[in-house]
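S.K.:
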Amino acid sequence: IHNMLQEYQKAIPLFEQAAQQQINLSARIFSLAQLGQIYFKLHDYQRALPLLVQVAQQTDIPFAQAEARYWLGALYTEQKDYEKAIQQLTVSAQQTVNPNAQATAFLLLGNIHRILKNYDTARHYFNLAKEQTHHLEVQRRAEQELATLEVADFLGSF
Numbered sequence: 001i002h003n004m005l006q007e008y009q010k011a012i013p014l015f016e017q018a019a020q021q022q023i024n025l026s027a028r029i030f031s032l033a034q035l036g037q038i039y040f041k042l043h044d045y046q047r048a049l050p051l052l053v054q055v056a057q058q059t060d061i062p063f064a065q066a067e068a069r070y071w072l073g074a075l076y077t078e079q080k081d082y083e084k085a086i087q088q089l090t091v092s093a094q095q096t097v098n099p100n101a102q103a104t105a106f107l108l109l110g111n112i113h114r115i116l117k118n119y120d121t122a123r124h125y126f127n128l129a130k131e132q133t134h135h136l137e138v139q140r141r142a143e144q145e146l147a148t149l150e151v152a153d154f155l156g157s158f
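Using the working numbering, the letters of the sequence shown correspond one by one to residues 1 to 158.
#1: Under 8 Å by Cβ, that's how I've got alanine 129 and alanine 103 pegged, so tell me the actual separation to the nearest angstrom.
#2: Where does histidine 134 sit, in a helix, a strand or coil, going by DSSP?
#3: Along the chain, where does the alpha helix (DSSP H) containing asparagine 111 start, and where does it finish?
#4: For alanine 66, which of His43, Thr77 and Ala33 has the nearest alpha-carbon?
#5: Classify leucine 5 as helix, strand or coil using the three-state DSSP reduction.
#6: Between which two residues does the alpha helix (DSSP H) holding isoleucine 29 run?
#7: Quick one: Cα of glutamate 145 to Cα of phenylalanine 126, how far?
#8: Given that a residue counts as buried once 16 or more other Cβ atoms are within 10 Å of its Cβ, and exposed if not, what is alanine 74?
#9: I need the DSSP call for isoleucine 61, collapsed to helix, strand or coil.
#10: Quick one: Cα of glutamate 16 to Cα of phenylalanine 154, how far?
#11: Given that a residue counts as buried once 16 or more other Cβ atoms are within 10 Å of its Cβ, and exposed if not, what is valine 151?
What follows is the structure, given as C-alpha cells:
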C-alpha cells in the first residue's frame, strides 16, 4: 500500500525485509522488483540497477522478468545508454503477455529512436504502441508522438 501511495520511504524497509526471507521465491522476486522500481522512481539508479538485474537474471517468471527488463530499459534511457535500453526494452516487449506493458515498452523504444533521429523506426514503435493497447493514455501518447514526427517531417521538407 505504501508503494501505491508513493510513500516510498515507508515501503522500502518492508520490501527489504520480504526480500531477505528465503521462504517464498516468488515473494522474494516480487520484493526485489518493487525495490528496484522504488529506487528508480527516487532516481537512485545505483541501488535500482543491481536489484533489477538480479530479478531479470534469476527468475523464470516471465512477467517478473519482462517487468524488470522494462525498468532496466527505462533506467538505461535515463542514463542515456540507449544501446542497453533498446536491448532490455526489446526483450521486455517480447516476453510480456500484457498488451499494455508491451505498448509502454514500444512507446519508450519509439522515444529512444526519436532521440537517436531514427525517425522511421520511432514511427514504427509508436504505431505498434498505438495498435497494441486499449489503454487510452498510452494510445494518446503514441498519437502525440506520431503527430510530432509528422510536423518534423513537414518542417524538414522546407
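Every residue, glycine too, gets a C-beta built ideally from N, C-alpha and C.
M.R.: On the basis of the data shown:
#1: As a first step, residue 129 is located in the sequence shown; it is residue number 129 there, counting from the start. As a first step, residue 103 is located in the sequence shown; it is residue number 103 there, counting from the start. Yes, they are in contact, since the Cβ atoms of alanine 129 and alanine 103 sit about 4 Å apart, within 8 Å.
#2: Here residue 134 refers to the residue found at position 134 of the sequence shown. Three-state DSSP puts histidine 134 in coil, outside helix and strand.
#3: Here residue 111 corresponds to residue number 111 of the sequence shown, with the count starting at 1. For asparagine 111, the enclosing alpha helix (DSSP H) has its first and last residue at 99 to 115.
#4: As a working note, residue 66 is residue 66 in the sequence shown. Taking only the C-alpha atoms, the option nearest alanine 66 is Ala33.
#5: Along the sequence shown, read from residue 1 onward, the residue named residue 5 stands at position 5. Per-residue confidence for leucine 5 stands at a pLDDT of 44, beneath the threshold of 50, marking its modelled position as unreliable; the derived number appears in the next sentence. Secondary structure at leucine 5: coil, using DSSP grouped into helix, strand and coil.
#6: Your numbering for residue 29 matches position 29 in the sequence shown. That run of the alpha helix (DSSP H) goes 25 to 41.
#7: Locating residue 145 in the sequence shown gives position 145, where the first residue counts as 1. Locating residue 126 in the sequence shown gives position 126, where the first residue counts as 1. Glutamate 145 and phenylalanine 126: Cα-Cα distance of roughly 7 Å.
#8: Working through the sequence shown from its first residue, we reach residue 74 at position 74. A buried status is given to alanine 74, since no fewer than 16 other beta-carbon atoms sit within 10 Å of its beta-carbon.
#9: Your numbering for residue 61 matches position 61 in the sequence shown. Three-state DSSP puts isoleucine 61 in coil, outside helix and strand.
#10: Within the sequence shown, numbered from 1, the residue matching residue 16 stands at position 16. Within the sequence shown, numbered from 1, the residue matching residue 154 stands at position 154. Near 51 Å, if we compare the C-alpha coordinates of phenylalanine 154 and glutamate 16.
#11: Position 151 of the sequence shown, counting from 1, holds the residue named residue 151. Exposed, since its Cβ has fewer than 16 Cβ neighbours within 10 Å.
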